[in-house]
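Q: Sharing a structure here in structure tokens format.
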Amino acid sequence: MTMPAGKNTPRSILVVDDDEIFRERLVRAFEDRGLRVHAAGNGGAALEISRTEAPDLALVDLRMPGMPGLDLVVELAALEPPPRIVVLTGYGSIATALEAVRRGAAHYLTKPADADEILAAFDRDPDTPAALGEDPETVPSLARTEWEHIHRVLADCDGNISKAARLLGIHRRSLQRKLAKYPVSH
């Protein structure tokens, strides 16, 4: 990772994720790669840090309590100077990726993503199809769309399989079988 011209200090990154263990793992990984790292567990704390520290980069989790990640992207993009933003989530979809980019993110990644993948995403051209992780001519399969929907509903139910099955209108054991499968490729 190269430093911007004219700067004697390493690039700085703001890591915003409500999962404390994941956030701290990324903080250590980015520090090991020579970046100055700031961390926040929610949108409010992220904005406060951004206004005082002006990070070069911001990694934003999509789903957090309080301010949603997409709203935080808008707020961060409005700062002067704005950080380069990558949205990271465990619940990826093409529609959400496009919305994140429309709101100001340079890129969108789904978890799990390691520090090197994340840093590469910051340097990728946001106007290329690869920046969205999708070929614009490719439509996700019905199975992939179903898998994403099931996992979103399950997350909204805080992992309660019985409640998620009721909301989805399927038997609990059917849901458990679907959850045991690996993610379907696009």
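Residue numbers (my numbering): -10 to 175.
Glycine included, each C-beta is placed from N, C-alpha and C at the ideal position.
Mark S39 as exposed unless 16 or more other C-beta atoms lie within 10 angstroms of its C-beta, in which case mark it buried.
A: Numbered from its first residue, the sequence shown carries residue 39 at position 50. S39 should be labelled buried.
Q: On the DSSP letters alone, give me the boundaries of the alpha helix (DSSP H) that A34 sits inside.
A: Counted from its first residue, the sequence shown places residue 34 at position 45. Note, A34: alpha helix (DSSP H), G32 to E42.
Q: If you compare alpha carbons, which of E9, A95 and D45 is closest to P(-1)?
A: For the purposes of this step, residue -1 is identified with residue 10 of the sequence shown, where counting begins at 1. With distances taken between Cα atoms, P(-1) lies closest to D45.
Q: Going by DSSP in three states, H160 sits in which element: helix, strand or coil?
A: Taking the first residue of the sequence shown as position 1, residue 160 is located at position 171. The answer is coil: DSSP assigns H160 none of H, G, I, E or B.
Q: Put L189 into one of helix, strand or coil per three-state DSSP.
A: In the structure as shown, the chain begins at -10 and stops at 175. Residue 189 is therefore absent and cannot be evaluated.
Q: Based on the DSSP secondary-structure assignment, which residues constitute the bridge partners of T134?
A: As a first step, residue 134 is located in the sequence shown; it is residue number 145 there, counting from the start. For T134, which the question treats as bridged, DSSP gives no partner whatsoever.
Q: How is S110 classed by DSSP in three states: helix, strand or coil?
A: Residue mapping note: residue 110 aligns to position 121 of the sequence shown, counting from 1. Inspection of the sequence shows that residue 110 is occupied by Ala rather than by Ser. Helix.
Q: In angstroms, rounded to a whole number, what distance separates the CA positions of I10 and V75?
A: Along the sequence shown, one-based indexing puts residue 10 at 21. Along the sequence shown, one-based indexing puts residue 75 at 86. Going by the C-alpha atoms only, they are around 19 Å apart.
Q: If you count every other CB in all the chains shown that lies within 10 Å of the CB of E137, and 16 or more means buried, which is it?
A: Mapped onto the sequence shown, residue 137 falls at position 148. By the 10 Å Cβ count, E137 comes out buried.
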